[in-house]
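Asks: Take this structure, written in structure tokens, and hold onto it; I'll ask about it next.
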Amino acid sequence: MGDLSAVAGDLAPTGTLRTAVNLGNPVLAHGTPAEPGGVTVDLAREVAARLAVPVRFLCFDAARKSFEALTSGAADLGFLAIEPARADRVTFTAPYVLIEGVYAVAEDSPFTTTADVDRPGVRIGVKEGSAYDLYLTRTVRHATIVRGADGVTAFEDGGLEVAAGIRQPVTAYVAAHPGTRVLPGRFMEIRQAVCTTPDRRPETIAFLNDLVEELKATGFVADALRRAGQDATVAPPA
0 MGDLSAVAGD
10 LAPTGTLRTA
20 VNLGNPVLAH
30 GTPAEPGGVT
40 VDLAREVAAR
50 LAVPVRFLCF
60 DAARKSFEAL
70 TSGAADLGFL
80 AIEPARADRV
90 TFTAPYVLIE
100 GVYAVAEDSP
110 FTTTADVDRP
120 GVRIGVKEGS
130 AYDLYLTRTV
140 RHATIVRGAD
150 GVTAFEDGGL
160 EVAAGIRQPV
170 TAYVAAHPGT
180 RVLPGRFMEI
190 RQAVCTTPDR
200 RPETIAFLND
210 LVEELKATGF
220 VADALRRAGQ
230 DATVAPPA
């Protein structure tokens, strides 16, 4: 990738790669703010290693907080789902991993498919500011979105008809809560990408794009997911 000193100065102007990590998404990150782990942490460390700079992790419990850290200038690098509502304030690489958004309902719910959910009188619990919150806000026509600290928490606390979330934690929730079930299929595919702010130089954006493609192709992303015990799908080549 050539001389990366200019890229390092552009992407990490303080001399340290300040990276926003969302510990609220267990597919992408786990652990504590003092000792985070997961595929996003591994990716950030690799970016920093290529640029020969140290990395510092700014850990949050929600994607919207990672987004705010990036757009406020507190963070240099982040990991967010590609979403039109964010695209004017952050620049995304192609996705490195694909995650499914699914619904949970009560066992006796009349719903049998994800298409059944969007009807008047149905309330869907979502995690505020998540990719699926943004997606459902944009696409739902008849149901009502109820935002909370988590989709299943809003579902429980409000006695809602539906909870929306990421397949892995929703599946775990249903396994631990008899009387609930996951609706077959998915309501969206969540495309997780590396991101930074649009004011970075074209060479910096190209470096991130090229690195993501390399790390998908070489098995780095798959290995990171495997080490974290996650079965998410590595995104195909851009």
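To convert, note that position 140 of the sequence shown is 139 in numbering that gives the first Met the number 0; the numbers rise steadily by one, no gaps.
Don't be surprised by glycine CBs; every beta carbon is placed ideally from N, CA and C.
Who are LYS258's beta bridge partners in DSSP?
Replies: With the chain running from 0 to 237 in the structure shown, residue 258 is simply not present.
Asks: Which two residues bound the contiguous beta strand (DSSP E) that contains GLN191?
Replies: Along the sequence shown, read from residue 1 onward, the residue named residue 191 stands at position 192. 187 to 195 is the extent of the beta strand (DSSP E) around GLN191.
Asks: If you check the beta carbons only, do ALA43 and LEU10 fall under 9 Å apart?
Replies: Numbered from its first residue, the sequence shown carries residue 43 at position 44. Numbered from its first residue, the sequence shown carries residue 10 at position 11. For ALA43 and LEU10, no; Cβs fall outside 9 Å.
Asks: Under 8 Å: do the segment 145 to 165 and the segment 88 to 97 share three or more Cβ pairs, one atom per stretch?
Replies: No, the segment 145 to 165 is not in contact with the segment 88 to 97.
Asks: Can you grab the Cα-Cα spacing for the pair ALA7 / GLU106, in whole Å?
Replies: Along the sequence shown, one-based indexing puts residue 7 at 8. Along the sequence shown, one-based indexing puts residue 106 at 107. Straight-line Cα distance between these residues: approximately 52 Å.
Asks: Using the Cα positions of THR112 and ARG180, report the straight-line distance between them to the nearest angstrom.
Replies: Stepping through the sequence shown from its first residue, residue 112 is reached at position 113. Stepping through the sequence shown from its first residue, residue 180 is reached at position 181. Those two C-alpha atoms are separated by around 12 Å.
Asks: So does the segment 42 to 61 actually touch the segment 17 to 26, counting three or more Cβ pairs closer than 8 Å?
Replies: Because the criterion of three Cβ pairs below 8 Å is met, the segment 42 to 61 and the segment 17 to 26 touch.
Asks: Rounded to whole angstroms, what's the CA-CA distance from ARG146 to SER129? Just pull it up for me.
Replies: Here the question's residue 146 lines up with position 147 in the sequence shown. Here the question's residue 129 lines up with position 130 in the sequence shown. Distance between the alpha carbons of ARG146 and SER129 is about 10 Å.
Asks: When the Cα of ARG85 is compared with those of ARG55, ASP132 and PRO25, which residue comes out closest?
Replies: Numbered from its first residue, the sequence shown carries residue 85 at position 86. Checking every option, the nearest Cα to that of ARG85 belongs to ASP132.
Asks: If distances are taken between C-alpha atoms only, which option among THR170, HIS176 and ALA216 comes closest to LEU182?
Replies: Position 183 of the sequence shown, counted from the first residue, corresponds to residue 182. Taking only the C-alpha atoms, the option nearest LEU182 is THR170.
Asks: Out of curiosity, what's the CA-to-CA distance linking VAL104 and PHE110?
Replies: Residue mapping note: residue 104 aligns to position 105 of the sequence shown, counting from 1. Residue mapping note: residue 110 aligns to position 111 of the sequence shown, counting from 1. Computed Cα separation, rounded: 8 Å.
Asks: Does the contact criterion of 3 or more C-beta pairs under 8 Å hold for the segment 37 to 51 versus the segment 222 to 233?
Replies: Contact between the segment 37 to 51 and the segment 222 to 233 is present, because at least three Cβ pairs lie under 8 Å.
Asks: Return the residue from the list PRO25, ALA74 and GLY120 that minimises the CA-CA distance to PRO319.
Replies: Residue 319 cannot be examined here, being either before or after the span of the chain that is shown, 0 to 237.
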